[in-house]
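A.B. asks: Have a look at the structure that comes next, please.
Numbering (this note's numbering), first residue to last: 25 to 164.
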């Protein structure tokens, strides 16, 4: 009797149907809309996930589930998207190893990260101020 490696590791797919987008300044652990999935039908095969490329180490991937989350600080003004290379590795009990990779792009959305502080302010408007004309500019 001889064990045969009949089934190849499938290509990596994204099982998360949401957009691959995350807001700048998102907290570590925030999901980015990507869950990598590859399968190997060989008996006893185990598929794990990591990054072949993760510039800036801004993202994390769960090695068992393929879920990608924020790890570092994202800033839309610095970079509006990030391209990562996901690696799926399958190893069966006989020691056979197979690897698949896939490039994915995560968009970073802009948020208003410069919020004015106008608490406890008194604003006086002249009684005869013309209607429909500005009387205050809160932009820095």
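The beta carbon of each residue, even a glycine, is placed where N, CA and C say it ideally should be.
The model shown is predicted, which means the values in this text are computed figures rather than measured ones.
Identify which residue in 39, 152, 104 and 48 has its Cα closest to the Cα of residue 95.
C.D. replies: For residue 95, the nearest C-alpha among the options comes from 48.
A.B. asks: Spatial neighbours of residue 26 within its chain, please: CB distance less than 8 Å, with the 5 preceding and 5 following residues excluded, ordered by chain position.
C.D. replies: Model confidence at residue 26 stands at a pLDDT of 46, short of 50, so the residue's coordinates are unreliable; what they give is reported in the following sentence. Closer than 8 Å at the Cβ level, and outside the excluded window around residue 26, lies no residue.
A.B. asks: Residue 119: buried (16+ other C-beta within 10 angstroms of its C-beta) or exposed?
C.D. replies: Exposed.
A.B. asks: Are the beta-carbon atoms of residue 82 and residue 65 separated by less than 8 Å?
C.D. replies: Against a cut-off of 8 Å, the Cβ pair of residue 65 and residue 82 comes out as no contact.
A.B. asks: Three-state secondary structure (DSSP) at residue 55?
C.D. replies: DSSP places residue 55 in strand when its eight states are reduced to three.
A.B. asks: Between the alpha carbons of residue 161 and residue 152, how many angstroms are there, rounded?
C.D. replies: Each residue's alpha carbon lies about 19 Å from the other.
A.B. asks: Are the beta-carbon atoms of residue 107 and residue 113 separated by less than 8 Å?
C.D. replies: Taking 8 Å as the Cβ cut-off, residue 107 and residue 113 do not qualify as a contacting pair.
A.B. asks: Alpha carbons only, please: which of 116, 123 and 127 is nearest the one belonging to residue 105?
C.D. replies: Closest by alpha carbon: 127.
A.B. asks: If you follow the beta strand (DSSP E) that residue 133 is in, where does it begin and where does it stop?
C.D. replies: From DSSP, the beta strand (DSSP E) with residue 133 extends over 121–133.
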